[in-house]
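Colleague: Take the sequence shown: its position 36, counting from 1, is numbered 277 in the working numbering, and each next residue is one higher.
The C-beta atom is built at its ideal place from N, Cα and C for all residues, glycine as well.
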Amino acid sequence: MALSISGLDHIVLRVRNLDRSIDFYTRVLACPVERRLDELGLVQLRAGAALIDLVSLDGELGRKGGGGPGAEGRNVDHFCLTLERWDYPSLKNYLEAHGVAVEEPRERYGAGGFGPSIYLGDPDGNVIELKGGAGI
């Protein structure tokens, strides 16, 4: 049997302040909480067909990973969320209204081919790419 990847299932981010991160991902990126395992310090948020798992540094799972994200190191370089609709002016206004710095979009390549995208940071400095379909 050949290995055949069909997509991203989930990403796990270790975070310093779980409540602050939940607020950012639910309020700003509209990823609803799907499941909580407070005894492990884990909250899972729905991001389309994938999950974003937030693990508190002071929880059972988070303590296993050593030092947390900061200026000298991050959990991952970045992860990319595909948007169903790309409307940069509306997206920029929305993110800025939530206090998120927004850059000008650039054409970048990803799983769905080339398309417009921007980078932004979450409260722990994890970098998120928001990407639209083909063409700016």
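Between GLU348 and LEU361, what straight-line distance do the alpha-carbon atoms span, to the nearest angstrom?
Modeller: For GLU348 and LEU361, the distance between alpha carbons rounds to 15 Å.
Colleague: Just to confirm, is the Cβ distance from GLY366 to THR323 under 9 Å?
Modeller: No, these two residues do not count as a Cβ contact at 9 Å.
Colleague: Is the number of C-beta pairs between the segment 269-276 and the segment 323-333 that are closer than 8 Å three or more?
Modeller: No, because fewer than three Cβ pairs between the segment 269-276 and the segment 323-333 fall closer than 8 Å, the two stretches do not touch.
Colleague: Cα-Cα, which of ALA342, SER297 and GLU344 is closest to GLY309?
Modeller: Checking every option, the nearest Cα to that of GLY309 belongs to SER297.
Colleague: Could you say if the segment 251-267 and the segment 282-294 meet the contact criterion of at least three C-beta pairs nearer than 8 Å?
Modeller: Yes, the segment 251-267 is in contact with the segment 282-294.
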